[in-house]
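Written out below as structure tokens is the structure these notes cover.
Residue numbers (the working numbering): 783 to 1033.
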């Protein structure tokens, strides 16, 4: 990977606060994504490739958003919240993503909730799936475009969702699907890329989520045990981050 002359300015739009142990270790989703991108560019220093800034769009929706003139790209993180809800901060996020997409120069990355927010901003229907949760390391089947982008037939990727985008926005190409979720990401080259999964989740992050949601009664014993059994499996999060960087760097 050949870094550009100047590092790209990537704004991480933090749409949630991580679970307590994860938050203590990484310091929010900015830290979680920094850890992912550091591994993706190693042994090069991250500062040679990306400059990351964090923006809390939940607790400070009025002042959190960076000027689009001051960034090269934005990444919308995952969240426990519903991307189809009409809370003021969520509708503000949708509108900001629309402006970013219309900007021309600024590129947009969406991860899980962020993928759904981007799809909503582009006119796709987002909602609760009647097929239930996808959790932990799951195989996704790549489309022809997805195979071209990732260089393989399938991706193993951490999942934590029961909401989805029910269609692919106009002008975008589908990247991957599973039996439970048709839209596992899409791309418009040099403009937007999204994934339904969580490339940034480590085994420890997933374990905390599985344990917390099982203890609260949100996850059945069966779902929890299945997720725990697959959590240690190999997943392709770092590869996905490398594809994100290549997408951001493409001239």
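Heads up, the beta-carbon is just placed ideally off N, CA and C, and yes, glycines get one too.
Note that this is a predicted model, so its numbers are computed, not measured.
query                                                                                                                : result
The region 881-899 touching the region 944-956, judged by at least three CB pairs closer than 8 angstroms            : yes
Proximity below 9 angstroms, CB of residue 990 to CB of residue 862                                                  : no
Residue 838 - DSSP class collapsed to helix/strand/coil                                                              : strand
C-alpha distance - residue 763 paired with residue 994, whole-angstrom precision                                     : Nothing in the structure corresponds to residue 763, since the chain is present only between 783 and 1033.
Residue 967: first and last residue of the uninterrupted beta strand (DSSP E) it sits in                             : 967-970
Outcome for residue 922 when other beta-carbon atoms lying within 10 angstroms are tallied against a minimum of 16   : buried
Supposed contact pair residue 790 and residue 1107 - C-beta distance, whole angstroms, cut 8 angstroms               : As displayed, the chain neither begins before 783 nor continues past 1033, which places residue 1107 out of reach and without an answer.
Alpha carbon of residue 976 to alpha carbon of residue 826, nearest angstrom                                         : 25 angstroms
Rounded C-alpha distance that separates residue 917 from residue 1005                                                : 8 angstroms
Start-to-end residues for the alpha helix (DSSP H) that takes in residue 810                                         : Note, residue 810: premise wrong, no alpha helix (DSSP H); not H, not E.
Simplified DSSP assignment, three categories, for residue 1033                                                       : coil
Selection from 978, 961, 983 and 926 that minimises the alpha carbon distance to residue 817                         : 983
Beta-carbon gap between residue 831 and residue 819 smaller than 9 angstroms                                         : yes
Cβ neighbours of residue 1026 in the same chain (closer than 7 angstroms, five flanking residues each side left out) : 891 and 975
Option nearest residue 853 by Cα separation, candidates 935, 795 and 926                                             : 795
Proximal residues to residue 925 (C-beta, below 7 angstroms), its chain only, five neighbours per side dropped       : 956, 957 and 958
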